[in-house]
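Okay, so here's the structure we're looking at.
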Amino acid sequence: MPTIRPLSALSLIAASTLVLAGCSSSAADGDASAESGAAGDATQTEETVSFTFDAAVGDPDDPDFEEKTVEVPKNPENVVIFDMASLDTWGNLGGEAAGAPLDSVPDYLSDYLVDDAINAGTLFEADLLAIEAIQPDLIIIAGRSSTQYEALTQITPNVIDLTANGPFEDQLERSVTLFGEILGQEDAAAEALAELQGGIAEAREATEGIGTGLAIMTAGDSITALAPSSGDFSGPVLRGGLVYDVFGVEPVHADIRSATHGEPVSFEFLLEQDPDYLFVLDRNAVAGSDGDAMADVVLDNEIVHQTTAWKNDQIVSLDPAAWYIVFGGIETTQIMIDDILSITS
Amino acid sequence: MAVVTEAAAPTTPTQVRPRRTWVGVVIGALLVVLSVVSLFVGASSDVSIAGIFDAESNASFLLAASRIPRTIALLLVGASLGIAGLIMQMLVRNKFVEPSTTGVTEFGALGMLGALVFWPGMPVLPRMFIVAACALFGTWVFLRIIRNVPVRHLVLVPLVGIMLGGVVGAVTAFFAYRLDLLQALMQWQQGSFATVMRGRYEFVWIAALMVVIAWIAADRFSVIGLGEDFATNLGLNYRRIVGVGMVIIAVITACVLVTAGILPFLGLVVPNVVSIIIGDNVRRSIPWVAGLGAVFVLACDIIARLVRFPYEIPLSVVVGVIGAGLFLWLLLRRRGHAH
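Here the protein sequences come in this chain order: A and B. First residue of the first sequence: 1, per UniProt numbering; consecutive thereafter. First residue of the second sequence: 1, per UniProt numbering; consecutive thereafter.
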């Protein structure tokens, strides 16, 4: 990609300026950090974890997929994480991120960032200059950021893409196991994984025989119906879809197409389909405002009052950050399990 | 008033009069047919003629709680948006303006964003006041700018309006982006009647009130359309009439924005079609503009409900596609007739 070259040149200048600035404050470290690219790695690359994945290469709008294998250094120091589910798992296994798309990090994951964490861009786009300046040892991308693969490999070859391409549980197992190995926390990872698998099984048991369910998202004062993933899981794991896919809720209507933001529906639709349980994801609340009240206001009307879900008090609110932004990771999956288990209380 | 009517009358060529009758019949018939269709089309299969007489079904309840309010809202929104476009065209003396091509809608949306930021759970009434105030300010800004534009070319005026709207829209988008409200704002702006029901559509009656005021003041707007000097010479208080027009436009824009969202092109296309058929006399065209606007929105909403049944597609998409097509037809037709 020729367009990267002037960028790399620029960032090289930026990086060397930083190094020079570092020299003035601590001359002793200066030499070491200037050569960290070569010498620093040499001492740490003794132990690596091998990871193979499909990387998106070529045109970002229509990428090809190539199998790549990366030797990830163990206990890397500077890690940039674009994927919130990965940040969640990484942090829960004792890791810290030196950079992330700061604007998108939910409050409950902010502890997993170092104090002076850089803003690495947005969930979709990388700020290459900022990232290059901290010389990361490892960059983790997934889903929304997967098209950034080639650009980021210009900074470090250690870029891994954890985009979901299988059932949610396999995905969870893959990242938890991998991060456990990289961080040398294999036992903790296995323990966390076992606990989550137990929790998912328990939630599945809870949803068995409760009748039908429908996941909806409220945004503004409109509502959309959310879809289960398509059968072969070739597409991305869909937000509300996890209600059906992972937690076994029986969809009230078979033909909800797999649109990421769901299908617009009327209140009448809710009454006509009349699911036993309504799982409500409040898009308004993702923005961080006091939004929980919003979904309540939207649904508190005489038509919804006629539905079985309202009459039996079977409206389950889903944690917006967990289900909409993160959907994955150790802590988030626990939140999702708890949301589903709330139907038993 | 008598003087005014006589002065305005000659602007309408007399030979088009015979065509008015069948146009009126067609619009009236379409209104009735589409209203009935609108009552019986929807996600719930309960609502049918038979269902109404079946005590077991939800038909009567759904009809009263959802279908009738939705149909009334569609009628009033369609009618009032047409009128807002018509009044705007008279105030600016330009056929290609309406709230969404003059920045008025964008100012309203900025007000809505402000409401979302400072008071997320705000009830609809204060929110509508804020949106209306911002839309009024937007109308004022647009009229000030147009006053100071030396060349009032037919296409230049809406171009200035669209640029003004672009600037305001960019400011809104910037703050929405910084505050992570972009998607929320888009949801609010996207025109749709899917969640309209008893208890949350009543504000469109305020828009209907504006239509009545516009009707009462119709002749004055006809004269305003002839220019400030002409109107002043006829003894009209130009500024006051312009002020009334601005309030009508702003309040209609705000009502529609908080109830349904943005419905583009409607205020542009409907008055132009009516003008082609019966001319530019405001008093005469108001019922046609209102009727045709209502027919247009009703038809689009029925399409929006049926394309992906039982799901809905956003009404603004349907209105945009059909409205843009009609707009192109208007432009090309004008050229064909060497206007």
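Just so you know, even glycine gets a beta-carbon here, dropped at the ideal spot from N, CA and C.
- Chain order gives no chain A residues near Y201 of chain B, where near means a beta carbon separation below 9 angstroms; the closest approach is about 11 angstroms.
- Under the three-pair Cβ rule at 8 angstroms, the segment 66-80 of chain B does not count as touching the segment 231-247 of chain B.
- When Cβ-Cβ separations below 7 angstroms define contact, T195 of chain B makes contact with chain A.
- The beta-carbon separation of Q306 of chain A and N58 of chain B, rounded to 7 angstroms, stays under the 8 angstroms limit for a contact.
- For the segment 43-98 of chain A, the continuous beta strand (DSSP E) assignments of 3+ residues that do not extend past its boundaries occur at 48-57, 64-73, 79-81, in sequence order.
- When the five nearest sequence neighbours on each side are left out, the beta carbons in the same chain lying within less than 8 angstroms of the beta carbon of F82 of chain A are those of A100, P101, A120, G121, L123, A126, I139, I140, I141, A142, R144, S145, Q148, in order along the chain.
- One Cα belongs to V256 of chain B, the other to L81 of chain B, and the distance between them is close to 8 angstroms.
- When only Cα atoms are considered, A192 of chain A and F175 of chain B end up about 40 angstroms apart.
- The alpha-carbon separation between W205 of chain B and L76 of chain B amounts to approximately 7 angstroms.
- For G184 of chain A, same chain residues with a beta-carbon under 8 angstroms away, outside a window of 5 residues either side, are K74, N75 in chain order.
- With the criterion set as a beta carbon lying under 9 angstroms from some beta carbon of chain A, the members of the segment 308-327 of chain B are R308, P310, Y311, E312, I313, P314, in sequence order.
- By a beta-carbon distance limit of 8 angstroms, V37 of chain B contacts I302 of chain B. Their separation comes to about 6 angstroms.
- Remark: C-beta atoms of F51 of chain A and L178 of chain A approach each other more closely than 7 angstroms.
- Between F221 of chain B and T259 of chain B, the CB-CB gap reaches or exceeds 7 angstroms.
- Neighbourhood of S145 of chain A in chain B, by CB distance below 8 angstroms: empty, with the nearest CB roughly 17 angstroms away.
- Around A65 of chain B, the beta-carbon contacts reaching into chain A at under 7 angstroms are E302, I303.
- Ranking B:R333, B:W329, B:V307 by CA distance to the CA of V41 of chain B puts B:V307 first.
- Bridge pairing for I262 of chain B: B:Q190 [DSSP].
- The contact set of A227 of chain A on chain B, defined by CB atoms closer than 9 angstroms, is empty, because the minimum CB distance reaches about 11 angstroms.
- For the segment 143-170 of chain B, the set of positions with a beta-carbon nearer than 8 angstroms to some beta-carbon of chain A is empty.
- Nearest to P106 of chain A by C-alpha distance, out of A:N92, A:L87, A:G248, is A:L87.
- For the 7 angstroms CB-CB criterion, A219 of chain A and L226 of chain A do not form a contact.
- Around the CB of R178 of chain B, fewer than 16 other CB atoms lie within 10 Å, so the residue is classed as exposed.
- The residue among A:T333, A:D59, A:P251, A:L318 with its C-alpha nearest the C-alpha of L109 of chain A is A:T333.
- Between the alpha carbons of A84 of chain B and V117 of chain B lies a gap of roughly 28 angstroms.
- Among the residues of the segment 57-85 of chain B, those with a Cβ less than 9 angstroms away from any Cβ of chain A are N58, F61, L62, A65, S66, R67, R70, in the order of the chain.
- For G85 of chain B, there is no enclosing beta strand (DSSP E); the enclosing alpha helix (DSSP H) covers residues 68-92.
- If you look at M217 of chain A, you'll find it in the beta strand (DSSP E) that goes 212-219.
- V274 of chain B and W288 of chain B have their C-alpha atoms some 7 angstroms from each other.
- Just measuring C-alpha positions, the residue of B:I252, B:N272, B:R198, B:R333 sitting nearest I303 of chain A is B:R198.
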